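Trainee: Chains as they are written, first to last, in UniProt numbering: chain Y, 1 to 338; chain B, 1 to 338. Below is one structure. I have some questions about it.
Number of protein chains: 2
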Amino acid sequence: MEIAHPYLLFIGDVPDALAAKTAQGIVDWRPEWCVGQLRYPGCKADLGIPDLSVTAARAAGVRTLIVGAANAGGILPDHWVATIVEALDAGMDVASGLHVRLGSVAAIADAARRNGRSLFDVRHSSQRFDTGKGDKRSGMRLLTVGTDCSVGKKYTALALEKGMRAAGFEADFRATGQTGVFISGRGVAIDAVVADFISGAVEWISPAAAPHHWDLIEGQGSLFHPSFAGVTLGLLHGAQPDAFVVCHEPTRTTMRGVKHPLPSIQAVIDLTVRCGQLTNPQIRCVGIAVNTEALEESAARAYLARVEAEHGLPATDPVRFGVEPIVARLAREFPRAG
Amino acid sequence: MEIAHPYLLFIGDVPDALAAKTAQGIVDWRPEWCVGQLRYPGCKADLGIPDLSVTAARAAGVRTLIVGAANAGGILPDHWVATIVEALDAGMDVASGLHVRLGSVAAIADAARRNGRSLFDVRHSSQRFDTGKGDKRSGMRLLTVGTDCSVGKKYTALALEKGMRAAGFEADFRATGQTGVFISGRGVAIDAVVADFISGAVEWISPAAAPHHWDLIEGQGSLFHPSFAGVTLGLLHGAQPDAFVVCHEPTRTTMRGVKHPLPSIQAVIDLTVRCGQLTNPQIRCVGIAVNTEALEESAARAYLARVEAEHGLPATDPVRFGVEPIVARLAREFPRAG
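This is the structure we're talking about:
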C-alpha cells in the first residue's frame, strides 16, 4: 500500500481543531505534499493552507483526497459522501482514517470501481502478513517507546528522521499508526492487525536494508499499559531495534484511559531491554524524549537536566529543544552507521 | 456466542488423524457432548465414537454440526458443503474452526438463512470488545503459560478444571483457542482478535465472578516467542491471574516455527511475574506442567523431581501423573478459595 501524493486534505465541517488533528499532523510534517484543504461552511478547523475545490485541486496535480478528520464514533457523515465521490470522479484516490470502511458506502464503492481508483482505509488492514520470524535483518533500527500512550512517539520518530538526515544519516520514518501512514504514504496501523500477526506486520514494515540505513519506527502504547501492552511487545519484537528512545510526559499521573499510575522511565528502559533482547541482544536506550509543554522553560530545562543525570542519557524535548543530543549520541554509539 | 451441544463431529475424508485433532480434543474432553462422527468413505481418522448420518444424529438430539477437521490451508473442500447444508436443513447449527468463513460459501449462507440457524466461525471474531481496563475483578483466576507454543497449556487448564472440581473447587475452563471454544461451547480464539482488543477480549472471557470461584484460563504462545509474545502479554494482562502454571516440553530445543532457543522455566516465571504484576500484584507461580511424552517413565520422574527441587514448586505431567500436586498447592496457598 502506497498512498500517492500530493494530497487534498478534506476536513468537512468538523466542530474543532482537535477533530482535524490527523490532517494537521500531515501538514506539519509533509507540507510539500499538501496542496490544499477542502472545508465545508461552518468548519471550525483551519489547517493554514489554501482552500481548494476538488476541481482546482485536481488541476494542481492532487492525486489523493485524504479524509483527515474524525467525527464522533469515527463514522462518515452522509453529507461528506458527495465530495468523496466527486474526488473519485475527478480521478483521485481516496484515503481515510475513519473506523467505517470507505468501500462499505455503496456510492463510494461504485465511484471507485467506475473510475478505477483506489480506496485506502488505513485503520483496516487488508494486507496479508506472515507471522513474525524474529530473524535478524540487515540495517539499523530505532524504535520510540513510551511510559504511556500519546506521549510523543510519532513526533519523536519524525523529528529524528529530520535531524538524522540533516546530520548525514540515511534514515526513514516507518509508520505504525494512521496519521503516520498518511505522513509517510505507507505503513500499517498496527493496532488494527489481527493479534497473531503483530510482529510479522512490523517485520514487513521494516524489511532488510543496507547495513548503515536506519529505520525509525513509530512506537505504540506502552509495555506498562494494561489495554495495549500486547501491541507494544509485538511491535518491539518485530522491530528488533538496535536503539530505542523513551518518550515521556512528566505531568501525567495515570495512564491514558485507565487508573494505573505511569511507570518510571527506568522501569520502561529495563523492561524494554529485557524483552527486546529476544530479537536483538544488542538493544540499548539512546535517549529520552520528554513532552515538557506543561512546564515553564526553566522548569523544563531543570527537569531534563535531572533526567539526563539520573539515566546517563541525553534527554530533550524534541519540539522545544530539538533532537540534536540524541542524534549526537547515535553518531557516537554507532560510528559505522552514521 | 454459545455453541449448543450435543455435537455431531464432521471430519469428512481427512487424510490422517492429525487433521482431525480438533475433533479428537472435543471427544477427549467432552465425550458426553459427542453423539457421533460423520465420515466420508476414505476418511483416515476415527474418533472412536458411532458413525452417524445427519438424520440419525438429529434424531438423537444433536444441535450442532462441528466441522472438526483441518484441510491444507484451512479451506473448506467443495464436496463437504452438501453435508453442511444438509445439517442446516435438518435444523442444526454449524460451527467451524477453518480459516474460511462458513458464511462466505453462498450455499451455506443461504441454508442458514432459510432455516434460521446460526453459523459459528470460531477462528474469526465478529464479537465487539472494549479495550482492556485492567481493573481488578472479583473471583480467582489461574492462567497456563508456556516456554513455547503447543506445550500443553490447554490440556493443563482442562485437567485442572477436572481435578479442582473433584477436590471441591468451583472452577471453569475459559477457552482462548478454537479447540478450547468447542470444548467449552464458548470463548474467543484470542489470536484472531484485532490487536488493540487482546486484553479486552480476555476481560470479556473471564468476567467478575464469586470471590471463591476459579476461572482456569487457557494460555497462548509464550512471552519468549518472537511471533506471538504480544498475544501472550495481552492475555496475561487481561487474565490478571492470581496463580499461573508454567507448561514445558523438555526435549524441544528451538521454539515452534522459529530458530530461537527455548527459555528456561525460571525465565518464564520471572517475566510472567514481572509483567503480570501490572494487573495483579499478587500473581504467583503454583506449579509446573511438563509434557514428558518423549521420556521413559523413570527419566520422566527423575526430571520432574529435579524441576520440583530447583523451583520449590510442584512439577507433574498432567497426562501421565495427574494434576493433584498442583491442586494441593492451590488449596494450601488459597485456603479461602478452595
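Beta carbons are placed, not taken as given, at the ideal position from N, Cα and C, and that holds for glycine. Because the structure is a prediction, the values reported are computed rather than measured.
Mind checking which residues open and close the alpha helix (DSSP H) that includes Y/G200?
Mentor: Segment I198 to I205, the alpha helix (DSSP H) holding Y/G200.
Trainee: What are the start and end residues of each continuous alpha helix (DSSP H) run of 4 or more residues lying completely inside the stretch 212-255 of chain B, in chain order?
Mentor: Entirely contained in the stretch 212-255 of chain B, the alpha helix (DSSP H) runs reaching 4 residues are, in chain order, 229-239.
Trainee: Just checking, does the stretch 150-170 of chain B make contact with the stretch 210-219 of chain B on the three C-beta pairs under 8 Å criterion?
Mentor: Segments in contact, yes.
Trainee: Nearest to Y/P170 by CA position, among Y/A239, Y/P211 and Y/E249, is which residue?
Mentor: The sequence given here places Glu at residue 170 of chain Y; Pro does not occur at that position. Here the closest residue by C-alpha is Y/P211.
Trainee: Would you give the residue range spanned by the alpha helix (DSSP H) that residue 355 of chain Y belongs to?
Mentor: With chain Y represented from 1 up to 338, any question about residue 355 of chain Y goes unanswered, as that position is not in the structure.
Trainee: May I ask you to report which of helix, strand or coil DSSP gives B/I43?
Mentor: The displayed chain sequence assigns Cys, not Ile, to residue 43 of chain B. Of the three classes helix, strand and coil, the one that applies to B/C43 here is coil, per DSSP.
Trainee: Using beta-carbon positions only, say whether Y/F129 and Y/G200 come within less than 7 Å of one another.
Mentor: Contact flag set, yes.
Trainee: Could you say if the stretch 248-257 of chain Y and the stretch 138-150 of chain Y meet the contact criterion of at least three C-beta pairs nearer than 8 Å?
Mentor: The stretch 248-257 of chain Y is in contact with the stretch 138-150 of chain Y.
Trainee: Pick helix, strand or coil for B/P261, following the three-state DSSP scheme.
Mentor: DSSP places B/P261 in strand when its eight states are reduced to three.
Trainee: Check for me: the beta strand (DSSP E) holding Y/D121 runs from which residue to which?
Mentor: Run containing Y/D121: L119 to D121, per the beta strand (DSSP E) assignment.
Trainee: Can you give me the C-alpha to C-alpha distance between B/A229 and B/A19, rounded to a whole angstrom?
Mentor: Spanning the two alpha carbons is a distance of roughly 26 Å.
Trainee: Using a Cβ-Cβ distance under 7 Å, would Y/K154 count as near chain B?
Mentor: No, because no Cβ of chain B sits closer than 7 Å to the Cβ of Y/K154.
Trainee: Is there contact between the stretch 160-175 of chain B and the stretch 99-106 of chain B, where contact requires at least three CB pairs shorter than 8 Å?
Mentor: Output reads no: the stretch 99-106 of chain B does not touch the stretch 160-175 of chain B.
Trainee: The alpha helix (DSSP H) that contains Y/F173, what's its start and end?
Mentor: First-last for Y/F173: A171 to R174, but that is the beta strand (DSSP E), not the alpha helix (DSSP H).
Trainee: Taking B/G134 as part of the alpha helix (DSSP H), name the residues at either end of that continuous run.
Mentor: Segment: none, B/G134 is in no alpha helix (DSSP H) and carries neither H nor E.
Trainee: Give the DSSP-derived three-state secondary structure of B/S104 in the structure shown.
Mentor: Looking at B/S104 - three-state DSSP - the assignment turns out to be helix.
Trainee: At a Cβ threshold of 7 Å, is B/D191 touching chain Y?
Mentor: Cβ-Cβ to chain Y under 7 Å: yes for B/D191.
Trainee: Check whether the Cβ atoms of Y/L236 and Y/G276 lie closer than 7 Å to each other.
Mentor: In contact: Y/L236 and Y/G276 (Cβ atoms closer than 7 Å).
Trainee: Thinking C-beta only, is Y/L98 closer than 7 Å to Y/G68?
Mentor: No, these two residues do not count as a Cβ contact at 7 Å.
Trainee: Going by Cα to Cα distance, which pick from Y/N71, Y/K136 and Y/I3 is closest to B/V258?
Mentor: The shortest C-alpha separation from B/V258 is found at Y/K136.
Trainee: Run down chain Y in chain order and give the residues with a C-beta less than 8 Å from the C-beta of B/T131.
Mentor: Within 8 Å Cβ-Cβ: S227, F228 and G257.
Trainee: With burial defined as no fewer than 16 other Cβ atoms inside 10 Å of the residue's Cβ, what is the status of Y/E161: buried or exposed?
Mentor: Buried, by the Cβ-count rule.
Trainee: Could you spell out the range, first to last residue, of the beta strand (DSSP E) harbouring Y/I288?
Mentor: It spans R284 to V290 - the beta strand (DSSP E) in which Y/I288 sits, taken as one unbroken run.
Trainee: What residue range does the alpha helix (DSSP H) around B/T179 cover?
Mentor: Run containing B/T179: Q178 to S184, per the alpha helix (DSSP H) assignment.
Trainee: So B/G200 contacts chain Y; which residues on that side make the cut at Cβ distance below 8 Å?
Mentor: Ordered by position in chain Y, the residues that pass the 8 Å Cβ test against B/G200 are S227.
Trainee: Whose C-alpha, out of Y/G185, Y/T64, Y/S206 and Y/R123, is nearest the C-alpha of Y/R117?
Mentor: For the residues Y/G185, Y/T64, Y/S206 and Y/R123, the minimum Cα distance to Y/R117 belongs to Y/T64.
Trainee: Quick one: what does DSSP say Y/D110 is sitting in, helix, strand or coil?
Mentor: In the structure shown, Y/D110 sits in a helix (DSSP, three-state: H, G or I).
Trainee: Decide if B/S227 is buried, meaning its Cβ has at least 16 other Cβ atoms within 10 Å, or exposed.
Mentor: So B/S227 counts as buried.
Trainee: Does the stretch 2-9 of chain B come close enough to the stretch 286-298 of chain Y to have 3 or more Cβ pairs within less than 8 Å?
Mentor: With a cut-off of 8 Å, the stretch 286-298 of chain Y and the stretch 2-9 of chain B do not count as touching, because too few Cβ pairs lie within range.
Trainee: Tell me which same chain residues have a C-beta within less than 7 Å of the C-beta of B/R252, skipping the five on either side of it?
Mentor: Once the five neighbours on either side are set aside, the close Cβ partners of B/R252 are D148 and L262.
Trainee: Would you check if there are 3 or more beta carbon pairs closer than 8 Å linking the stretch 21-38 of chain B to the stretch 174-189 of chain B?
Mentor: Because the criterion of three Cβ pairs below 8 Å is met, the stretch 21-38 of chain B and the stretch 174-189 of chain B touch.
Trainee: Measuring alpha carbon to alpha carbon, tell me which residue in B/A175, B/H225 and B/R332 is nearest Y/F197.
Mentor: Here the closest residue by C-alpha is B/H225.
Trainee: Would you say Y/V307 and Y/A315 are within 7 Å of each other, going by their C-beta atoms?
Mentor: In contact: Y/V307 and Y/A315 (Cβ atoms closer than 7 Å).
Trainee: If we call anything under 7 Å between Cβ atoms a contact, is B/A239 one with B/S138?
Mentor: Result no, Cβ atoms of B/A239 and B/S138 do not sit closer than 7 Å.
Trainee: In this structure, what does DSSP give as the bridge partners for residue 351 of chain Y?
Mentor: Shown here, chain Y extends from 1 to 338; a query on residue 351 of chain Y therefore has no answer.
Trainee: Can you find a C-beta in chain Y that's less than 7 Å from the C-beta of B/L233?
Mentor: By this cut-off, B/L233 is an interface position.
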